[in-house]
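The working numbering runs 66 ahead of the 1-based position in the sequence shown. Here a beta-carbon is modelled for each residue, glycine too, at the ideal position from N, C-alpha and C. In this text the structure is predicted, and so the values were computed from the model without any measurement.
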Amino acid sequence: MESNNNENSQNQEKKIDNKPTRERRPNPHRQNKSQTHNPNRKANPNQKSEPKTVDGNIHEKEVNGNKKPQHNKNNQNKKHNTNSNPNAKTTSKPYSQNKSKSKGRKKNVTTVNDAMKASMKENKLVQEARMTPWKKINIASKGKVRFTPLGGLGEIGGNMAVLETENSAIIIDVGMSFPDETMHGVDILVPDFSYLHTIKNKIKGIIITHGHEDHIGAMPYLFKELKFPVYGTPLALAMIENKFNEHGLKADSKYFNFVTKRKVYDIGDIKVEWIHNTHSIIDACSLAIETEAGTFIHTADFKIDHTPVDGYTMDLQRYAYYGDKGVLCLFSDSTNSHNPGFTKSETVVGKTFDKLFDLAKGRVIMSTFSSNVHRIYQAMQRGVDHGRKICVIGRSMERNIETNRALGFVDIEDKHFIEVHEVSKYSENEILIVTTGSQGETMAALNRMATDEHRHIKLKPSDTVIISASAIPGNEASVSKLMNLLVKAGVTVRYKEVPDIHVSGHAGQEEQKLILRLVQPKFFLPVHGEYNHIAKHAQTAIECGVDKRNILLMSDGDQVEITPKFIKKVKSVKTGKTYIDNQNNMTIENDVVLDRQKLAEDGIVNIVAQIAQSNQKIVGKPVISTHGLVPDKEDKKFSKEMEVLLETFLLNMKPEALKDHRGIENDIRAVVRKHVVRTKKRYPLIIPTIFIV
Ligand SMILES: [Zn+2]
Numbered sequence: 067m068e069s070n071n072n073e074n075s076q077n078q079e080k081k082i083d084n085k086p087t088r089e090r091r092p093n094p095h096r097q098n099k100s101q102t103h104n105p106n107r108k109a110n111p112n113q114k115s116e117p118k119t120v121d122g123n124i125h126e127k128e129v130n131g132n133k134k135p136q137h138n139k140n141n142q143n144k145k146h147n148t149n150s151n152p153n154a155k156t157t158s159k160p161y162s163q164n165k166s167k168s169k170g171r172k173k174n175v176t177t178v179n180d181a182m183k184a185s186m187k188e189n190k191l192v193q194e195a196r197m198t199p200w201k202k203i204n205i206a207s208k209g210k211v212r213f214t215p216l217g218g219l220g221e222i223g224g225n226m227a228v229l230e231t232e233n234s235a236i237i238i239d240v241g242m243s244f245p246d247e248t249m250h251g252v253d254i255l256v257p258d259f260s261y262l263h264t265i266k267n268k269i270k271g272i273i274i275t276h277g278h279e280d281h282i283g284a285m286p287y288l289f290k291e292l293k294f295p296v297y298g299t300p301l302a303l304a305m306i307e308n309k310f311n312e313h314g315l316k317a318d319s320k321y322f323n324f325v326t327k328r329k330v331y332d333i334g335d336i337k338v339e340w341i342h343n344t345h346s347i348i349d350a351c352s353l354a355i356e357t358e359a360g361t362f363i364h365t366a367d368f369k370i371d372h373t374p375v376d377g378y379t380m381d382l383q384r385y386a387y388y389g390d391k392g393v394l395c396l397f398s399d400s401t402n403s404h405n406p407g408f409t410k411s412e413t414v415v416g417k418t419f420d421k422l423f424d425l426a427k428g429r430v431i432m433s434t435f436s437s438n439v440h441r442i443y444q445a446m447q448r449g450v451d452h453g454r455k456i457c458v459i460g461r462s463m464e465r466n467i468e469t470n471r472a473l474g475f476v477d478i479e480d481k482h483f484i485e486v487h488e489v490s491k492y493s494e495n496e497i498l499i500v501t502t503g504s505q506g507e508t509m510a511a512l513n514r515m516a517t518d519e520h521r522h523i524k525l526k527p528s529d530t531v532i533i534s535a536s537a538i539p540g541n542e543a544s545v546s547k548l549m550n551l552l553v554k555a556g557v558t559v560r561y562k563e564v565p566d567i568h569v570s571g572h573a574g575q576e577e578q579k580l581i582l583r584l585v586q587p588k589f590f591l592p593v594h595g596e597y598n599h600i601a602k603h604a605q606t607a608i609e610c611g612v613d614k615r616n617i618l619l620m621s622d623g624d625q626v627e628i629t630p631k632f633i634k635k636v637k638s639v640k641t642g643k644t645y646i647d648n649q650n651n652m653t654i655e656n657d658v659v660l661d662r663q664k665l666a667e668d669g670i671v672n673i674v675a676q677i678a679q680s681n682q683k684i685v686g687k688p689v690i691s692t693h694g695l696v697p698d699k700e701d702k703k704f705s706k707e708m709e710v711l712l713e714t715f716l717l718n719m720k721p722e723a724l725k726d727h728r729g730i731e732n733d734i735r736a737v738v739r740k741h742v743v744r745t746k747k748r749y750p751l752i753i754p755t756i757f758i759v
């Protein structure tokens, strides 16, 4: 898939490279048509003859910059470069052709006089300047920025990055991620903070973009190691505060700084503005970060919702403002970079709820992500409209609704809410239950209802269960399991077969393009995604006029240096994940998780034996037990094998070896491992316990 894409893009480039010479002459009509139909097309000389004109620009820029040798290779462009205005020359040709062609077709002649020519030239210059606002960046600036993702690249989730100038550093988000099925007993993963320790004196603050777990979930774990001022919007900080309270860090809310959107904050020598965006959580923001080197725009998670539930659209005006001033580098959300088109508005889900609430005869049980409060709010409004009382079930859901009501984001009167024990007092068509568990989490309320383990809510065939979510990759099996249980219970399930029952919170390609075109950055670093997501986003950026040499595909731990002249990877820093057990909020060491993996996959062999110092022989019978390696009925046979193995080993052992107790155990482990690998093709955990008597 990925390599295909690469091939395609390469092929495309080759074709486009050939285009100007081959295609221009024989078929000017096509070009002319599209130009007259779409005025933007003119604005896009960069895109149309991408490598050529973009290269032209780059050359100019790279001359300013430091990559001279590369552009000299290209004779075509060299020629243009000698011209004071290379682009005007390249693109003026089609226009004259345009005219001569129409002259031939139509009888009324347009005289192209000098004034017209001058105007054309001037317009061309304006257009060119408009398309490359980053050329306004002071190329002589000595400013230098280092950007280091510590999470969120090569993965979905766990977002965390560091942006540094010479004297200051800011941390952007401190998110957690989820383990895969091989990490037994691990509940969450938090980024490795080692690098932060090495630059802790430089760090001036933590910048929070929004309150999703994959952006704030690791905050308590960071604060147990290092504390810095935290900047964010009220909801995001309130959600961090909830976490701090759970972790006994109540006092640390003194580090909070509530920011106002559209205001610029000085954090060390870095200026940060929070720009309102639209996403699947309220109060989400993008960032404008100004440094001596230039301006950086970080979209953070976003989509562009023109009809958001609260009416506050994404602040595209600020994007345009910074874009026009000239942006050195754009970091943009790649989560949905494979999705063509636009992501739908959150409000379409409300319309779906209208239909589903109309159809529901009994109780309505709605489940979604507990952080998607606009989604929950829309369901609640429908509940109120249909004369239903609202019962919120599930710890995270209750807490989020409480926080959002306190902040005024959910404006529903107390009288509409009931407690779970009151549900039975109302008739079925007067009840709306809003609950957690849309991912099939076994401990969540919905799953407990489905397994008939919920204390208060027993499912009935008259119930309608709405799952307003999609399965996050990795959760498909548990969601499917939940579906089976719900269908078995006989309820009406409304899930993904209902159109617009769920919409994503991340931008599709057309939204990514809009951001790229508003910002028109010199450099582009796609973030938030696995490699295939950022690679696809890079392609979209190239289509939108960003030079492919100005795009880097990063992995966690890559440190990238950005100056007005260049972008390059300078080094790698230590990254990784720390395993967390949610039951006690404690770290699980790597070797514990490795042992668990071994146990789960290859079983265990226990050997307890006594060896006589006098004659190097086994005293009595060794006790050999295995779990998860050989079936019970073969236990005896296996023990016999082990005995023979031990005896042979002892026979060949040097007498002085008995003095090194640990050494003997290691040697026995090695011998047993060799045998088991040969006979069983497995690598079990081997625990020899040897007594020398
Ligand atoms: Zn998010």
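- DSSP places residue 390 in the helix class (H, G or I) of the three-state scheme.
- A distance of 9 angstroms or more separates the beta carbons of residue 503 and residue 473.
- Contact between residue 566 and residue 658 fails: their C-beta atoms lie close to 45 angstroms from each other, not under 8 angstroms.
- When the Cα atoms are used, residue 743 and residue 749 turn out to be separated by approximately 6 angstroms.
- The alpha carbon of residue 402 has as its nearest neighbour, out of 299, 351, 481, 539, the alpha carbon of 539.
- Non-local beta-carbon contacts of residue 691 in its own chain, meaning distances under 6 angstroms to residues more than five positions away in sequence, involve 672 in chain order.
- Look at residue 331 here: in three-state DSSP terms it is strand.
- Taking the Cβ atoms as the reference, residue 627 lies roughly 6 angstroms from residue 210, within the contact range of under 8 angstroms.
- Contiguous alpha helix (DSSP H) elements confined to the stretch 190-275 occur at 260-264, taking only those with 4 or more residues.
- In terms of Cβ geometry, residue 492 and residue 249 do not form a close pair [threshold 9 angstroms].
- Residue 398: member of the beta strand (DSSP E) spanning 395-399, first to last residue.
- For the stretch 440-500, the continuous beta strand (DSSP E) assignments of 3+ residues that do not extend past its boundaries occur at 455-459, in sequence order.
- Beta-bridge annotation (DSSP): residue 511 is not paired with any residue.
- Residue 759 carries a coil assignment under DSSP once its states are collapsed to helix, strand and coil.
- Annotated three-state conformation of residue 749 is coil, per DSSP.
- Those residues having their beta-carbon less than 5 angstroms away from any non-hydrogen atom of ligand 1 are, in chain order, 278, 367.
- Between the alpha carbons of residue 384 and residue 513 lies a gap of roughly 44 angstroms.
- Taking the CA atoms as reference points, residue 496 sits about 51 angstroms from residue 591.
- By the neighbour-count criterion, in which a residue is buried when 16 or more other Cβ atoms sit within 10 angstroms of its Cβ, residue 613 is buried.
- The beta carbon of residue 653 sits closer than 7 angstroms to the beta carbons of 644, 645, 646 from its chain, once the five residues preceding and following it are set aside; these are given in chain order.
- For residue 371 and residue 753, the gap between their C-alpha atoms comes out near 59 angstroms.
- Cβ-Cβ separation between residue 231 and residue 336: approximately 6 angstroms, consistent with a contact (criterion under 8 angstroms).
- In the structure shown, the three-state DSSP call for residue 378 is coil.
- The C-alpha of residue 605 is placed about 23 angstroms away from the C-alpha of residue 629.
- Look at residue 580 here: in three-state DSSP terms it is helix.
- Residue 587 has its alpha-carbon roughly 49 angstroms from the corresponding atom of residue 550.
- Three or more beta-carbon pairs drawn from the stretch 527-534 and the stretch 419-431 are found closer than 8 angstroms, and the two stretches are therefore classed as touching.
- Annotation: residue 432 is outside any alpha helix (DSSP H); the continuous beta strand (DSSP E) that includes it extends over 430-433.
- Per DSSP, reduced to three states, the secondary structure at residue 355 is strand.
- Distances from the alpha-carbon of residue 202 to those of 391, 302, 285 put 391 closest.
- When C-alpha distances from residue 681 are compared across 642, 723, 696, the shortest belongs to 723.
- Rounded to the nearest whole angstrom, the CA to CA distance from residue 289 to residue 308 is 14 angstroms.
- Approximately 41 angstroms separates the beta-carbon atoms of residue 460 and residue 386; this is outside 8 angstroms, ruling out the contact.
- Looking only at 707, 467, 396, the smallest Cα-Cα distance to residue 746 is reached by 707.
- Taking 9 angstroms as the cut-off, the Cβ atoms of residue 523 and residue 484 do not count as close.
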